[in-house]
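Below: one structure, written as structure tokens.
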Ligand code: SF4
Ligand code: SF4
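Numbering (this note's numbering), first residue to last: 377 to 680.
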């Protein structure tokens, strides 16, 4: 029996890792021809997981469930939510990219901005690669970030939000929890890009090794840290969280810097993703050690 039939999760993870190992698109397009990404973290969630409905209620009605986005773009493939799975992956920033950005005080390092642009092009190619391979194997699939009606909308609660959030898909697929700065903290830290596809295939979901959507952030879990606040050059981070509008305005400013300094069209920042305890690992010790043992920590006691 082929690995595809015997262990479809391993087959799909293999597709991701082989693509990163062999695709010419995995390149920062700098003089050295550095790779953009090493290995990915891969997780799976069921299309019927109640968390998708919770996102809809919390983020807004515009946020798609896997069934909604699949149904819009594969209308000839009638499915029930439980026949769908979400494949999500995390692309951790390479050490040399993180180190370069650590030296920056206001604008992104060249390699960081390249990872944002060319690394993301590789991520888009990876999404298409999975959609094609799954379809060839009889599992039609959709990459929500690449469909024509994916959009960003104004949100009262979040300033703005999108119809599909890769970070939320990764959280659902057991890959991480959110930090004070809104970033996703994973077993490989918070400096990363994320991707996903929705496919008509039933896969055993990855168990989420956390009970709280902020379990890996020291600020929320232990009332300490806040180091990302000091890394932000424009005070877009405070103890109240992430000011998305200030952050977006700074990203616009970085585009001029990248063009004039590095001579390509790009942008980026991510200064709050390096030089902090969650840069490349889960900083909450109990959660990290439980993760390393492959255990799920017990739920916290109810508040008195
Ligand atoms: S730097 Fe500290 S406060 Fe900020 S996201 Fe990471 S763990 Fe949380
Ligand atoms: S990405 Fe940059 S501007 Fe945005 S919060 Fe992080 S450090 Fe601040």
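Here a beta-carbon is modelled for each residue, glycine too, at the ideal position from N, C-alpha and C. All figures in this text were calculated on a predicted structure; none of them were measured in a lab.
Item	Value
Any non-hydrogen atom of ligand 1 within 7 Å of residue 658 CB	no
Own chain partners of residue 586 with C-beta closer than 6 Å, once the 5 adjacent residues on each side are dropped	553
Residue range of the beta strand (DSSP E) that includes residue 421	417-422
Distance between residue 622 and residue 529 (C-alpha atoms, nearest Å)	17 Å
4-residue-minimum alpha helix (DSSP H) runs that sit fully inside the segment 476-556, ordered along the chain	486-490, 496-512, 542-548
Per DSSP, the bridge partner or partners of residue 618	613
Beta-bridge partners of residue 572, as assigned by DSSP	464
Residue 607: CB within 7 Å of a non-hydrogen atom of ligand 2	yes
Cα-Cα separation between residue 673 and residue 394, rounded to whole angstroms	32 Å
Bounding residues of the alpha helix (DSSP H) (the contiguous stretch that carries residue 603)	603-607
Buried versus exposed, by CB contacts within 10 Å (16 or more), residue 566	buried
heavy atom of ligand 1 below 7 Å from residue 551 C-beta	no
Distance between residue 450 and residue 478 (C-alpha atoms, nearest Å)	43 Å
Helix, strand or coil at residue 413 [DSSP, three-state]	strand
Pair within 8 Å by beta-carbon distance, residue 551 and residue 419	yes
Cutoff 8 Å; reference residue 561; Cβ partners in own chain excluding five residues on either side	552, 553, 554, 555, 592, 593, 654, 658, 659
Straight-line gap, residue 642 to residue 628 (C-alpha atoms, nearest Å)	10 Å
Cβ contact check for the segment 404-413 and the segment 488-499: 3 or more pairs under 8 Å	yes
Limits of the unbroken alpha helix (DSSP H) element including residue 446	442-449
Pairwise C-alpha distance: residue 650 and residue 474	6 Å
Range covered by the alpha helix (DSSP H) that runs through residue 397	384-398
Residue 468 CB to nearest heavy atom of ligand 1 below 7 Å	no
Buried or exposed by the 16-neighbour rule on C-beta atoms within 10 Å, applied to residue 637	exposed
Closer than 7 Å: residue 648 CB and nearest ligand 2 heavy atom	yes
Alpha-carbon to alpha-carbon, residue 632 and residue 385	43 Å
Residue 610: CB within 7 Å of a non-hydrogen atom of ligand 2	yes
Beta-carbon proximity check, residue 644 vs residue 489, cutoff 8 Å	yes
Minimum Cβ-Cβ distance from residue 574 to chain C less than 8 Å	Here there is only one protein chain, and chain C is not present.
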